[in-house]
Every structure is written in C-alpha cells, then in structure tokens.
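Report on one structure; see the data block that follows.
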Amino acid sequence: MSKNQIEARIAQLYLALQYCSERSKTFTAGERICINQERFQWMHILEDETASPRPVSQTIENKIKEVSRLVLLHNFKPYYGDPFKEEILLQN
C-alpha cells in the first residue's frame, strides 16, 4: 500500500469510529478495539515499513463499508477532527 492509501485507510477507520460514536452504535466494544488495532498498526507502518498490517475481519470490514456508505449519504462530519490528519499537517 502506498503512503496515501495508508493515510486514506486510517482516515476511513477513524471516520467509521466517529460515526458509530456520534450517530449509530454500529460496532461492539470488541469490534472498536479491532478497528483501533488496525488503525494504529497502519500508523506504525508509516514509521516502519517492515511492520505487518493487522486487518480487521471480513465481518467488521463489511460493517466499515456500510458505515462509509452512510457517511457519504448523510454528508457526516465528525464533531472532533481526526488527530492523525492534524498531526500530518503539522509535519508538512
């Protein structure tokens, strides 16, 4: 995955978690943990390219895709900004 693809995936995962928190409790606590594990592993990969991804299960991935569809449909903007995006802007 390219750096841009990784950053887009991190943003997608964050947005899915925020939608779940603010709009619709889509994910269980365990699923949220798995999503955060994938998210933080991608952040680690940006620093260490030799690290391996930790993708979520297909079941969780399907839920993420559905939430992503709802985000677009409802033009959802999270109350809190993505701290990862803010960090990237500060570095550039």
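Using this note's numbering, you'd call the opening residue of the sequence shown number 1 and step up by one each time. Positions of the beta carbon are idealized from the N, C-alpha and C atoms, including for glycine.
{"query": "Cβ pair R23, F76 closer than 9 Å", "result": "yes"}
{"query": "Supposed close pair D82, A11 - CB separation, criterion 8 Å", "result": "6 Å"}
{"query": "Buried versus exposed, by CB contacts within 10 Å (16 or more), R39", "result": "buried"}
{"query": "Own chain, CB closer than 8 Å to Y19, minus 5 neighbours either side, in chain order", "result": "T26, V67, L70, V71, F76, P78"}
{"query": "When I6, C34, E47, T50 are compared against T59, the one with the closest alpha-carbon", "result": "C34"}
{"query": "Cβ shell of A16 (< 7 Å), same chain only, five flanking positions each side left out", "result": "I35, I64, V67, S68"}
{"query": "Through-space distance from Y80 to H44, alpha-carbon basis", "result": "22 Å"}
{"query": "Per-residue DSSP class, three states only, for K3", "result": "helix"}
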